[in-house]
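Data first, discussion second: the structure below is written as structure tokens.
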Amino acid sequence: MTNNDVAPARPKGTFSWALWDWASQAFPTVVTSFIFGRYITSEFFAPAGYSLEEAGQYTAFWLGISGVFAGVLIALIAPIVGRRADTSGRKKFWLMINTYLFAATIGLMFFVAPSSDFFVFGLVLLAAGGIFFEFATVNYNSMLNEVARPHERGKISQFGWGLGYIGGIILLVMALWIIQFGGAELLGIPDTDALSVRVVMVISMFWVIIFSIPLMLKVPEAKPIAGTENEGVLLAYKKLIRSLITMRKENPNLLKFLIASAVYRDGLNGVFAYGAVLGGIAFGLDLTEIIMFGIAANIVAGIGAFVGSFFEDRVGSRKIIFVSLVGVIVGGFGVFVFESAGTIAFFGFGLFLCTFVGPAQAASRTMMSRLSADDKQGEAFGLYATTGRAVSFLAPAAWAIFVGLFSPIYGILGLMLILVVGLLLLISVRAIAAPAPVS
Numbered sequence: 071m072t073n074n075d076v077a078p079a080r081p082k083g084t085f086s087w088a089l090w091d092w093a094s095q096a097f098p099t100v101v102t103s104f105i106f107g108r109y110i111t112s113e114f115f116a117p118a119g120y121s122l123e124e125a126g127q128y129t130a131f132w133l134g135i136s137g138v139f140a141g142v143l144i145a146l147i148a149p150i151v152g153r154r155a156d157t158s159g160r161k162k163f164w165l166m167i168n169t170y171l172f173a174a175t176i177g178l179m180f181f182v183a184p185s186s187d188f189f190v191f192g193l194v195l196l197a198a199g200g201i202f203f204e205f206a207t208v209n210y211n212s213m214l215n216e217v218a219r220p221h222e223r224g225k226i227s228q229f230g231w232g233l234g235y236i237g238g239i240i241l242l243v244m245a246l247w248i249i250q251f252g253g254a255e256l257l258g259i260p261d262t263d264a265l266s267v268r269v270v271m272v273i274s275m276f277w278v279i280i281f282s283i284p285l286m287l288k289v290p291e292a293k294p295i296a297g298t299e300n301e302g303v304l305l306a307y308k309k310l311i312r313s314l315i316t317m318r319k320e321n322p323n324l325l326k327f328l329i330a331s332a333v334y335r336d337g338l339n340g341v342f343a344y345g346a347v348l349g350g351i352a353f354g355l356d357l358t359e360i361i362m363f364g365i366a367a368n369i370v371a372g373i374g375a376f377v378g379s380f381f382e383d384r385v386g387s388r389k390i391i392f393v394s395l396v397g398v399i400v401g402g403f404g405v406f407v408f409e410s411a412g413t414i415a416f417f418g419f420g421l422f423l424c425t426f427v428g429p430a431q432a433a434s435r436t437m438m439s440r441l442s443a444d445d446k447q448g449e450a451f452g453l454y455a456t457t458g459r460a461v462s463f464l465a466p467a468a469w470a471i472f473v474g475l476f477s478p479i480y481g482i483l484g485l486m487l488i489l490v491v492g493l494l495l496l497i498s499v500r501a502i503a504a505p506a507p508v509s
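Going by the working numbering, the residue at position 6 of the sequence shown is 76; the numbering climbs one at a time, nothing skipped.
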């Protein structure tokens, strides 16, 4: 056996790296999907005199506008955030800075009282938190190749996603207890001014801060790329443009994947963004039932991610993504076709499709890592975030068009259309085999 045949040592801090998925889940689960996102669009934040229907339209519209502004900033800045992290060797540093910045925005949400006077403040916090969360994710994803051996990237990526879903489950159970099942009274939280919801934001802030500490302490910082330590912002943009031109010539497969994944990831994000809305409007679920669905959705998604971790490095990321997208599409059409069955159809087919969301997202992260050069992981994941944001209007537009032309239940067909397009684009992407383990 030669030295080249010796299996490389497992990198330090693998579990600590994956634990960040657990820590950061507070933002997409509690803030965006199930708690604060619904709180800030409630009738309390609309101008006086609005009917319930008018209030909903008003708050939902401005929520979308704030998201557009955040998306534009992310699209413009995320690639440079990643590139400068690569060249400076400070991925962990900027990951932690952005982590604690979005944690701070979550904590500040406590001060968003249920009044129209605080509506703009709440939207600004939500948008700012989304920006810092995306910047943190760019650096986090780009560290995957440094904490996992090549043949284990799929397993580690899926494991991280699975931990994230478990964290989301625990947070939602805690929130449900505080908001709906007497936890607020037991903790001495007054039943006024939505304090129970606002206290959940404070708990979520500390959740992010505490569980991201292991990564800060255990994961080594990356080394800078020689000769690029003093690269300025303008030069970084110029090199980024050259990288895109070079990618088209030298790595068109990566460019195809960026486009395909941008489309289907937007569809997957739409499923979670509008799932609670669909459950409330089309199936009549109340807040308690929606949060319970969110808990169940995170459970099955986490199980799916953990199961995917055992197969991805064996069968390849592309196959996992393809099968997962088919599963989501089948589940989505099931929700539509069997609407007359009521909540049974929503919970049954909804949870079925959620099972495949985790594997699809995690396998996409792994495939992106494998398609990208090791010294350009940050830049690549910056582009990964940018392409996703560049088409982030697709799912909202498809949802709005189908709901506007027909009825709310048809919105799920709009989202499935986006996923079908992404699936078709994925067909042209060449599969990348996982590196074989070295014995």
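C-beta: ideal position from N, C-alpha, C; glycine also.
Check your understanding: Within the chosen definition, does the segment 103-118 reach the segment 167-174 through at least 3 CB pairs nearer than 8 Å?
Key -> no
Practice item. Could you pull the start and end residues of the alpha helix (DSSP H) that Q95 belongs to? Key: Within the sequence shown, residue 95 is the residue found at index 25, counting from 1. Careful: Q95 lies outside any alpha helix (DSSP H) and carries neither H nor E.
Exercise for review: Would you give the residue range spanned by the alpha helix (DSSP H) that E255 belongs to?
Suggested key: Within the sequence shown, the letter at position 185 stands for residue 255. It spans 253-256 - the alpha helix (DSSP H) in which E255 sits, taken as one unbroken run.
Point to revise | Through-space distance from L256 to L338, alpha-carbon basis | key: Counted from its first residue, the sequence shown places residue 338 at position 268. Counted from its first residue, the sequence shown places residue 256 at position 186. C-alpha separation (whole angstroms): 38 Å.
Check your understanding: Out of curiosity, what's the CA-to-CA distance linking I373 and V398?
Key -> Looking up residue 373 in the sequence shown gives position 303. Looking up residue 398 in the sequence shown gives position 328. Distance between the alpha carbons of I373 and V398 is about 15 Å.
Exercise for review: Measure the Cβ-Cβ separation of A88 and F229 and say whether it is below 7 Å.
Suggested key: Taking the first residue of the sequence shown as 1, we reach residue 88 at position 18. Taking the first residue of the sequence shown as 1, we reach residue 229 at position 159. It is a contact, given that the beta carbons lie within the stated cut-off.
Practice item. Assuming G238 and F376 form a contact by the criterion Cβ under 8 Å, report the distance between their Cβ atoms to the nearest whole angstrom. Key: Position 168 of the sequence shown, counting from 1, holds the residue named residue 238. Position 306 of the sequence shown, counting from 1, holds the residue named residue 376. That pair is no contact at about 14 Å.
**Study point:** Unbroken alpha helix (DSSP H) run spanning G350, endpoints
**Key:** Numbered from 1 along the sequence shown, position 280 holds the residue referred to as residue 350. From DSSP, the alpha helix (DSSP H) with G350 extends over 322-351.
Review point. Counting Cβ pairs, one atom from each stretch, are 3 or more of them under 8 Å apart for the segment 473-489 and the segment 324-340?
Key: yes
Point to revise | Simplified DSSP state of E291, which is helix, strand or coil | key: Within the sequence shown, numbered from 1, the residue matching residue 291 stands at position 221. Three-state DSSP puts E291 in coil, outside helix and strand.
Review point. Is any heavy atom in the ligand NAD found nearer than 6 Å to the beta carbon of G83?
Key: Of the ligands one can find in the structure shown there are none, so the ligand NAD has no counterpart to examine.
Practice item. Check whether the segment 210-222 touches the segment 345-355, taking contact to mean three or more Cβ pairs, one atom from each stretch, closer than 8 Å. Key: no
Practice item. Assuming S434 and L324 form a contact by the criterion Cβ under 8 Å, report the distance between their Cβ atoms to the nearest whole angstrom. Key: For the purposes of this step, residue 434 is identified with residue 364 of the sequence shown, where counting begins at 1. For the purposes of this step, residue 324 is identified with residue 254 of the sequence shown, where counting begins at 1. Not really, about 13 Å apart at Cβ, beyond 8 Å.
Check your understanding: For G345, which residues from the same chain have a beta carbon less than 7 Å from its beta carbon, with the 5 sequence-adjacent residues on both sides left out?
Key -> Sequence index remark: in the sequence shown, residue 345 carries index 275 (1-based). Correct list, in chain order: G420.
Point to revise | C-alpha distance - M271 paired with I150, whole-angstrom precision | key: As a working mapping, residue 271 is identified with position 201 in the sequence shown. As a working mapping, residue 150 is identified with position 80 in the sequence shown. Computed Cα separation, rounded: 30 Å.
Practice item. Using 10 angstroms around the beta-carbon of T425, count the other beta-carbons present and answer buried if the total reaches 16, otherwise exposed. Key: Counted from its first residue, the sequence shown places residue 425 at position 355. Result: buried.
Exercise for review: Excluding the 5 residues preceding and the 5 following Q431 in the sequence, name in chain order all residues of the same chain whose CB lies nearer than 7 Å to its CB.
Suggested key: Against the sequence shown, residue 431 aligns to sequence position 361. These residues qualify, in order along the chain: W231, L338.
**Study point:** Cβ pair G83, K288 closer than 7 Å
**Key:** Numbered from 1 along the sequence shown, position 13 holds the residue referred to as residue 83. Numbered from 1 along the sequence shown, position 218 holds the residue referred to as residue 288. Against a cut-off of 7 Å, the Cβ pair of K288 and G83 comes out as a contact.
Review point. Residues in its own chain within less than 6 Å of A501 by CB, not counting five upstream and five downstream?
Key: Residue numbering aside, residue 501 sits at position 431 when the sequence shown is read from its first letter. Excluding residues within five positions, the ones whose Cβ falls inside 6 Å are G386, R388.
Practice item. Just mark L242 as buried or exposed, buried being the case when its beta carbon has 16 or more other beta carbons within 10 Å. Key: The residue given as residue 242 occupies position 172 in the sequence shown. L242 comes out buried.
Practice item. Pull up the distance between the alpha-carbon of A96 and that of S86, whole angstroms please. Key: Your numbering for residue 96 matches position 26 in the sequence shown. Your numbering for residue 86 matches position 16 in the sequence shown. Rounded to whole angstroms, A96 to S86 spans 17 Å at the Cα level.
Exercise for review: List in chain order: all unbroken alpha helix (DSSP H) runs of 4+ residues lying wholly within the segment 394-450.
Suggested key: 413-441
Review point. How about S186 and D336: are their beta carbons less than 7 Å apart?
Key: Stepping through the sequence shown from its first residue, residue 186 is reached at position 116. Stepping through the sequence shown from its first residue, residue 336 is reached at position 266. No, the Cβ-Cβ distance between S186 and D336 is not below 7 Å.
Practice item. Report all residues from its chain with a CB closer than 6 Å to the CB of A206; omit the five preceding and five following residues, and keep chain order. Key: Residue mapping note: residue 206 aligns to position 136 of the sequence shown, counting from 1. L165, N168, T169.
Practice item. On a CA-only basis, which of V427, L143, S331, P466 is nearest V491? Give me that one, please. Key: Sequence index remark: in the sequence shown, residue 491 carries index 421 (1-based). The option with the nearest alpha carbon to V491 is S331.
Review point. Would you say L314 and T457 are within 7 Å of each other, going by their C-beta atoms?
Key: Numbered from its first residue, the sequence shown carries residue 314 at position 244. Numbered from its first residue, the sequence shown carries residue 457 at position 387. No, they are not a contact pair.
Check your understanding: Would you say Y551 and W92 are within 7 Å of each other, going by their C-beta atoms?
Key -> Any property of residue 551 remains undetermined from this structure, which presents the chain solely from 71 to 509.
**Study point:** Within 7 Å, strictly: CB atoms of G200 and M275
**Key:** Start at 1 with the first residue of the sequence shown, and residue 200 comes out as number 130. Start at 1 with the first residue of the sequence shown, and residue 275 comes out as number 205. Result no, Cβ atoms of G200 and M275 do not sit closer than 7 Å.
Check your understanding: Where does G354 sit, in a helix, a strand or coil, going by DSSP?
Key -> Here the question's residue 354 lines up with position 284 in the sequence shown. Three-state result, G354: coil.
Practice item. Name the two residues that bound the continuous alpha helix (DSSP H) containing A173. Key: For the purposes of this step, residue 173 is taken as the residue at position 103 of the sequence shown. Run containing A173: 161-178, per the alpha helix (DSSP H) assignment.
**Study point:** Contact belief for L464 with I488 at Cβ below 8 Å, rounded distance in angstroms
**Key:** The residue given as residue 464 occupies position 394 in the sequence shown. The residue given as residue 488 occupies position 418 in the sequence shown. Indeed they touch by this definition, with Cβ atoms about 5 Å apart.
Point to revise | Short Cβ contact (7 Å threshold) for S227 with T99 | key: Taking the sequence shown and counting its residues from 1, the one referred to as residue 227 is at position 157. Taking the sequence shown and counting its residues from 1, the one referred to as residue 99 is at position 29. Contact: no.
Practice item. Taking R268 as part of the alpha helix (DSSP H), name the residues at either end of that continuous run. Key: Numbered from its first residue, the sequence shown carries residue 268 at position 198. That run of the alpha helix (DSSP H) goes 265-281.
Exercise for review: May I have the straight-line CA-CA distance separating N321 from V499, to the nearest angstrom?
Suggested key: For the purposes of this step, residue 321 is identified with residue 251 of the sequence shown, where counting begins at 1. For the purposes of this step, residue 499 is identified with residue 429 of the sequence shown, where counting begins at 1. Cα to Cα, N321 sits roughly 11 Å from V499.
**Study point:** Buried versus exposed call for W161 [16 or more other C-beta atoms within 10 Å across all chains shown]
**Key:** Numbered from its first residue, the sequence shown carries residue 161 at position 91. Looking at the sequence shown, residue 161 is not Trp but Lys. The residue in question, K161, is buried, as its Cβ has 16 or more Cβ neighbours within 10 Å.
Practice item. Have a look at L193, Y334, F181, V396 and flag the residue whose alpha-carbon is nearest the alpha-carbon of F131. Key: Locating residue 131 in the sequence shown gives position 61, where the first residue counts as 1. The shortest C-alpha separation from F131 is found at L193.
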